[in-house]
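Enquirer: First to last, the sequence lines map onto chains A and B.
Under numbering that gives the first Met the number 0, think of the first position of the first sequence as 0, with each following residue one higher.
Under numbering that gives the first Met the number 0, think of the first position of the second sequence as 0, with each following residue one higher.
Take a look at the following structure, please.
Number of protein chains: 2
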Amino acid sequence: MRILVAGGDGFCGWPTALYLSSRSHTVAIADNLARRDWDAELGTESLTEISSLDDRVSRWKEVSGKEISTFVGDLCDEDFVYSMVESFEPEAFVHFGEQRSAPYSMIDRHHAVFTQTNNVVGNLNIMFAIQSLVPDCHLIKLGTMGEYGTPNIDIEEGWIEIEHKGRKDTLPFPKQPGSFYHLSKVHDSHNIMFARRIWGMRATDLNQGVVYNVETDETSSDPVLANRYDYDGVFGTALNRFIAQAANGNDITVYGEGGQTRGFIDIRDTVRCIEIAAENPAEAGEFRVFNQFTEQWSVLQLAKLVEKVAKTLDLDPRLTHLENPRVEKEAHYFKAANTRLIDLGLKPHLLTEETVEKLLLVALENRDRIHPETFEARVNWRSPRYK
Amino acid sequence: MRILVAGGDGFCGWPTALYLSSRSHTVAIADNLARRDWDAELGTESLTEISSLDDRVSRWKEVSGKEISTFVGDLCDEDFVYSMVESFEPEAFVHFGEQRSAPYSMIDRHHAVFTQTNNVVGNLNIMFAIQSLVPDCHLIKLGTMGEYGTPNIDIEEGWIEIEHKGRKDTLPFPKQPGSFYHLSKVHDSHNIMFARRIWGMRATDLNQGVVYNVETDETSSDPVLANRYDYDGVFGTALNRFIAQAANGNDITVYGEGGQTRGFIDIRDTVRCIEIAAENPAEAGEFRVFNQFTEQWSVLQLAKLVEKVAKTLDLDPRLTHLENPRVEKEAHYFKAANTRLIDLGLKPHLLTEETVEKLLLVALENRDRIHPETFEARVNWRSPRYK
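Here it is as structure tokens:
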């Protein structure tokens, strides 16, 4: 199958591109390389060293014999998107190519507007290019579990049957996202839902949980193929930050009480989920939603897991609590459905002490790349910064 | 009260600014005058002659003795918004300043992207400016009944209590908007809902029905104060188009069977609804939704009403059906709540033959300004035009 991976230079996109290529799909990567610039803007860097995209795909060819073509450009540039889709003619368009950090979107007005414009316009360009040029192409769009927020009812996979005043309908599950980034994904979902209705677009929205772990079989097969390992307070997620803090001899800092419960998924399952979605495409006119996570953890549970594993490596991190810079419930109901990918064949890797240990060892090896000042929660949800 | 009316040069904004000014509020208008350019782009013009914004406010001062200050600029220009809010210090910010035509947003990719960017970014700039400078200011945001689509259950005012698997929560009412324009309003609503949660913003979302009629007491008090009267296939709504068709001796063209039922409101009630919302502000941290319409009509009922009144004026329009250029259900359940504004004192003007007759007479007087080629449904929902 001809599969285009937008955002294919990023944390999820790169291992996905390699995995699909290893499974004999014809893969192309689209990326504007912006993620690398954001590291520079924030004064941080991946714990692992990241090769250039050119070096990555050349080495992949040496290692695997398989070619991945690249399109370097901006999804907000409609001519770029149009000519890429025209020349590659994808059968599946996997769309990871968005600004994906909640704190980044909350820095100030500029970053909020940038995130929403970048994500919404890029996605609109993709929708129009697909429908104009390859209307049978299946859009596989990365959403987030964070679109749902934490309602006091069970979260279903995208749709919910509502009975109200004696009548019934199956309607889009109500969304209560928690950042301007999460909002951009809600906007995308609504736009795509509309496109399937008016154009008969085939679309799968993957509401992904927080992704942990770093390497897959493919990315670990050669140092030049290494995946990025973000640990900072803006792009790193809680687990990675806790691990880097422990490795560096700093406190493990939990926001608030740490009762926030979320869905999580191993990067090795992310790549498999994309394959499952691609190989079982949505019908024409179907807007299909899969909740792409395999287990639920609270932030405090993660912190304690890291603390425990760190002790077995003779580290002795202290677990401390910071005032939560985000506005979110710290004690709440959270139960989300996630059976649809499993029904299609996903066999989850669950989070183990062994995985945490491996991540801790990588962090210890790369201690010189840890910038402890970036652990800090520099972005506060409560203060609207205009400039 | 100091009230800023964004979009104050437009069809709803202008009569609202005059009405609030006549009721002794201190009113300012913000507008980039873009609506006038869109007429030029589409080769159409208002049936009534529209004076320049400067002439309008000068004449208003002569007629009423009241001053309305003006800020001419683009809400997507953050410096313009920031300095305006800083200098005027509004207590209520009435936001009509968006691209408001569904067909305009469906012309092609460019118009879809423009509509969503223009509306979402303008609204984000307003949200950030309010919270940074005048956090107690009440945002009164114009949404649309079209955000809800046509679910098979009763439509509530913004929120719905859902009981699901033995648990309960009150959640945002699920949205199924029918154009890229309507989607932009859904995006705005989600963004504002988030702002009230993190910043404690005061916000009222007015999900307005289709507005009919043209003049209010204020706009009809002097020809220079006249309101715009759109009748074309892009910015004109069905009722006005039917009236212009009848006045011009053309067929009244109904899209499909005409069973589409929508909420409607007289422009004289629109201006009063804004006053009600402003004088009864939302609490800090409250996101309040009012469904701003007073009656439900199907498209076919409107066409028959116009046909009937036209006959009393010795016109003899033929009622014909066109293939529907939109993708929408033509036979559907539609029952929407609209009690909250009435509970706060709204006394609806309902659509009468007298109102239609008045509109028909204005159209007959201005027959030389009717461009019958613009009646045509030139925008089709089904064909994604990329360029």
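Virtual Cβ for every residue (Gly too), placed ideally from N, Cα, C.
Note that the structure is a prediction, hence the values are computed from the model and not measured.
1. According to DSSP, simplified to helix, strand and coil, what is Val133 of chain A?
2. For Thr116 of chain A, return the contacting residues in chain B, with the cut-off set at a CB-CB distance below 7 Å.
3. So, for Thr114 of chain B: in the same chain, excluding its five sequence neighbours on each side, which residues have a beta-carbon less than 6 Å away from its beta-carbon?
4. Spell out whether any CB of chain B is found under 8 Å from the CB atom of Ile191 of chain A.
5. Using 8 Å as the threshold, is the stretch 119 to 133 of chain B in touch with the stretch 84 to 93 of chain B, meaning 3 or more CB pairs across them?
6. CA-CA distance, Pro222 of chain A and Phe95 of chain A?
7. Using only the alpha-carbon positions, how far apart do Leu314 of chain B and Arg377 of chain B sit?
8. Just to confirm, is the Cβ distance from Ile159 of chain A to Leu170 of chain A under 8 Å?
9. Between A:Asn151, A:Ser100, A:Tyr211, which lies nearest to Trp296 of chain A when the distance is taken from Cα to Cα?
10. CB Asp229 of chain A to CB Phe374 of chain A, shorter than 8 Å?
11. Which word fits Lys310 of chain A, buried or exposed, when buried means at least 16 other C-beta atoms lie within 10 angstroms of its C-beta?
12. Of the choices A:Leu205, A:Val270, A:Ile67, A:Glu364, whose alpha-carbon is the least far from that of Ala246 of chain A?
13. Does any residue of chain A bring its CB to less than 8 Å from the CB of Phe127 of chain B?
14. Indicate whether the contact test is met: 3 or more Cβ pairs, each with one atom in the stretch 69 to 76 of chain B and one in the stretch 19 to 33 of chain B, closer than 8 Å.
15. CA-CA distance, Val26 of chain B and Arg240 of chain A?
16. Under a Cβ-count criterion, where at least 16 other Cβ atoms within 10 Å of its own Cβ denotes burial, should Pro371 of chain B be classed as buried or exposed?
17. How would you write the range of the alpha helix (DSSP H) that Val298 of chain B sits in, first residue to last?
18. Could you spell out the range, first to last residue, of the alpha helix (DSSP H) harbouring His186 of chain A?
19. Go ahead and label Ile341 of chain B buried or exposed: buried means 16 or more other beta carbons lie within 10 angstroms of its beta carbon, across all protein chains shown.
20. Can you tell me the Cβ-Cβ gap for Phe289 of chain B and Gly262 of chain B, rounded? I've got them flagged as a contact below 8 Å.
21. Answer yes or no: does any C-beta atom of chain A fall closer than 8 Å to that of Leu170 of chain B?
22. With DSSP collapsed to three states, give me the class of Ile152 of chain A.
23. Can you name the residues of chain B whose CB is closer than 8 Å to the CB of Lys164 of chain A?
24. Can you look up Gln115 of chain A in the DSSP assignment and give me helix, strand or coil?
25. Just tell me which of B:Gln207, B:Gly148, B:Leu19 has its CA closest to the CA of Phe92 of chain B.
26. What's the C-alpha gap between Ile369 of chain B and Arg267 of chain B?
27. Does Ala309 of chain B get closer than 8 Å to chain A when you measure Cβ to Cβ?
28. By how many angstroms is the C-alpha of Tyr332 of chain A removed from the C-alpha of Asn151 of chain A?
29. What are the uninterrupted segments assigned as alpha helix (DSSP H) that are 4 or more residues long and contained completely in the stretch 53 to 123 of chain A, given in chain order?
30. Can you give me the C-alpha to C-alpha distance between Ala281 of chain A and Leu321 of chain A, rounded to a whole angstrom?
31. Can you check which of these residues, B:Lys164, B:Gly157, B:Lys174, is closest to Asp204 of chain B by C-alpha distance?
32. Grab me the residues of Ile49 of chain B's own chain with a C-beta within less than 6 Å of its C-beta, minus the 5 sequence neighbours each way, in chain order.
33. Using beta carbons (cut-off 8 Å, strictly below), is Tyr254 of chain A in contact with chain B?
34. For Glu77 of chain A, decide whether its Cβ has a neighbour in chain B, counting only Cβ atoms nearer than 8 Å.
35. Closer than 9 Å, Cβ to any Cβ of chain B: which residues of the stretch 319 to 330 of chain A, in chain order?
36. Taking 8 Å as the threshold (beta carbon to beta carbon), is Lys303 of chain A in contact with chain B?
Expert: Let me spell this out:
1. coil
2. Thr116, Val120
3. Gln98, Ser104, Phe179, Tyr180, Ser183
4. no
5. yes
6. 23 Å
7. 26 Å
8. yes
9. A:Tyr211
10. no
11. exposed
12. A:Glu364
13. yes
14. yes
15. 51 Å
16. exposed
17. 298 to 311
18. 179 to 198
19. exposed
20. In fact, because the Cβ distance is near 12 Å, the residues do not count as touching under 8 Å.
21. yes
22. coil
23. Ile152, Asp153
24. helix
25. B:Leu19
26. 24 Å
27. no
28. 6 Å
29. 77 to 87, 101 to 104
30. 44 Å
31. B:Gly157
32. Arg227
33. no
34. yes
35. Arg325, Val326
36. no
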